[in-house]
Amino acid sequence: MSNNKQAALELGTKPVGKLLMQYALPAIVAMVASSLYNMIDSIFIGQGVGAMAISGLAITFPFMNLSAAFGAAIGVGSAAFLSVKLGQRDYDIANKILGNNVMLNIIVGIMFGVLGLLFLDPILRFFGASDATLPYAHEYMAIILSGNAITHLYFGLNAVLRSAGKPRTAMYLTIFTVIINAILDPLFIYTLRLGIAGAAYATILSQTMALAWQWYIFSDKRQFLHFDYSKFRIEMPIVRNIISIGISPFAMNACACLVVIFINNSLMKYGGDMAVGAYGISNRLCFVFVMVTMGVCQGMQPIAGYNYGAQNYHRMFEVLRLAIITGTLICAVGFFIAMLLPEQCARLFTTDAELIENSVVAMRYNMGLFLIIGAQMVITNFFQSIGKAKVSILLSLSRQLLILVPLIAILPQFMGLNGIWLSLPLSDGIAALMAYAMLWIYVKKFKTQTSN
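Letter by letter, the sequence shown follows residues 0 to 451 of numbering that gives the first Met the number 0.
Here's what the structure looks like:
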């Protein structure tokens, strides 16, 4: 039996606790590395280019979220669909999913990059760029968008590796990109004096090297899951299944894009460039713990998806329970760091006193209800993992679009800048309650169906 097939079968037989640790730990390490990847860019840009460059970088977040939305629709959708097919032991379709993953990432990556470059300045203005921050945001995004197809392929193939029983390989690839990026950032920014453009070049070059490694792995014909170029063609039934699952993370990231645009413009109105930069710094810290929790979700995803496909429901709910506990503990650590050490965290990114002061406030509000957010993230990803797209979309939309945007529209009119900050934890709390309620309804409905 091939290594891929054996790894897939273990999803339905190995003890759930050990299995979650086996899959989640590499994913967590990979997510920590990924969050450090973004932090390294921010730290070198903030310390080496200046406070206004940090604000310019914050303006690019909606672009990153929108690109990630399309990438997640393909990568996460492919990975979840692949897990279910492996659970059903439909290996021919699994290889077709891999081929469609590659083709979709190339097509979408190129189209997004070209359209972004054609309308770059108007888009950045819409995202909240001022005369002071536009040059930095433009210089950075022009390079990132030029390599957008590479970014999409890299993340898409890493998602497939995790679902195909190779979470450690996916982890090593992510760590590899972080190390290369950390080496290239100071070289390009300081030695070659490329400024913020140097950070963008470092990002694309490190991902290109990782993609070459992934291509080598999937080109090995001895592996069960490998590139079969005859399957490198779009098949609409497979695409529809990928998109039906991936529409939830797409909606979540697309909403994140819209919300950050709305927040940036509101921050510019009530607090100026420094408030935008502070939100960017607070998001970098928040992102670390969100990504670690996403690592737990990624570890849960193939286990939940496989056992759902195999109708092994006890194991499916057991991995959900363990993932909720783990996600809650991770976010609790983030909460206490944000409450107790915000100034020290801000100083990693900048020496500007005004930006540090704003960042301390932003961190404490942004992570004010983090104690209950870990479970909300796990529950949302659980519904996505078992193909319950509508529920997952609702939960994804709830925090960002349905709750946060109205709060930001209303509260600042009475509280100014603090109204924007207060909107963040309030939306977290309401969204968490919705997730708990949906899970309770689903479990009750599921028990009723299985008992009949």
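Heads up, the beta-carbon is just placed ideally off N, CA and C, and yes, glycines get one too.
Values in this document were obtained by computation on a predicted structure and should not be read as measured data.
Q) Does DSSP put Pro14 in a helix, a strand or coil? A) In this structure, DSSP gives Pro14 a state outside helix and strand, which the three-state scheme calls coil.
(Q) For a test of the three-state rule: what should DSSP assign to Arg346, helix, strand or coil? (A) In the structure shown, Arg346 sits in a helix (DSSP, three-state: H, G or I).
Q) Going by other Cβ atoms of all chains shown within 10 Å of its Cβ, with 16 needed for buried, is Tyr462 buried or exposed? A) This structure leaves residue 462 out entirely; the chain is present only between 0 and 451.
Q: With Asp91 as the anchor, note down where its alpha helix (DSSP H) starts and where it stops.
A: That run of the alpha helix (DSSP H) goes 90-117.
Q) What's the call for Leu19, buried or exposed, on a 16-neighbour Cβ count within 10 Å? A) With 16 or more other Cβ atoms inside 10 Å of its own Cβ, Leu19 counts as buried.
Q: State yes or no: is the C-beta of Ser54 within less than 8 Å of the C-beta of Gly276?
A: A contact, by the Cβ cut-off of 8 Å.
Q: Mark Ala431 as exposed unless 16 or more other C-beta atoms lie within 10 angstroms of its C-beta, in which case mark it buried.
A: Counting the other Cβ atoms within 10 Å of the Cβ of Ala431 gives 16 or more, which makes it buried.
Q.
Going by beta-carbon coordinates alone, are Pro248 and Pro25 separated by less than 8 Å?
A. Using a Cβ distance threshold of 8 Å, Pro248 and Pro25 do not count as a contacting pair.
Q | Alpha-carbon spacing of Ala253 relative to Arg221, whole angstroms | A | The straight-line gap from Cα to Cα measures roughly 38 Å.
**Q.** contact_flag[the stretch 322-337, the stretch 363-379] where n(CB pairs < 8 Å) is 3 or more
**A.** Touching, yes.
Q. Where are the beta strand (DSSP E) runs, 3 residues long or more, that stay fully inside the stretch 380-443, in chain order?
A. DSSP runs (the beta strand (DSSP E)) wholly in the stretch 380-443: none.
Q: Give me the Cβ distance between Ile419 and Ile407, rounded to the nearest whole Å; I'm assuming they're in contact under 8 Å.
A: With 8 Å as the limit, Ile419 and Ile407 qualify as a contact, their Cβ atoms being about 6 Å apart.
Q) Any idea what DSSP makes of Ile233, helix, strand or coil? A) Reduced to three states, the DSSP call for Ile233 is coil.
Q. Where does Ala131 sit, in a helix, a strand or coil, going by DSSP?
A. Looking at Ala131 - three-state DSSP - the assignment turns out to be coil, as it is neither helix nor strand.
Q. Ala209: buried (16+ other C-beta within 10 angstroms of its C-beta) or exposed?
A. Within 10 angstroms of the beta-carbon of Ala209 lie 16 or more other beta-carbons, which makes it buried.
(Q) So within the stretch 236-321, which uninterrupted alpha helix (DSSP H) runs reach at least 4 residues, ignoring any that extend past its ends? (A) Those alpha helix (DSSP H) runs which fall completely within the stretch 236-321 and span 4+ residues are 272-308.
Q.
Can you give me the C-alpha to C-alpha distance between Tyr181 and Val75, rounded to a whole angstrom?
A. Contrary to the premise, residue 181 reads as Ala rather than Tyr in this sequence. A straight-line Cα-Cα distance of about 27 Å links Ala181 and Val75.
Q.
Quick check: Phe334 and Met293, are their CB atoms within less than 8 Å of each other?
A. A distance of 8 Å or more separates the beta carbons of Phe334 and Met293.
(Q) Could you check whether the Cβ of Ala431 sits closer than 7 Å to any heavy atom belonging to the ligand NAD? (A) Judged by which ligands are present, the structure shown has none, so any question about the ligand NAD falls away.
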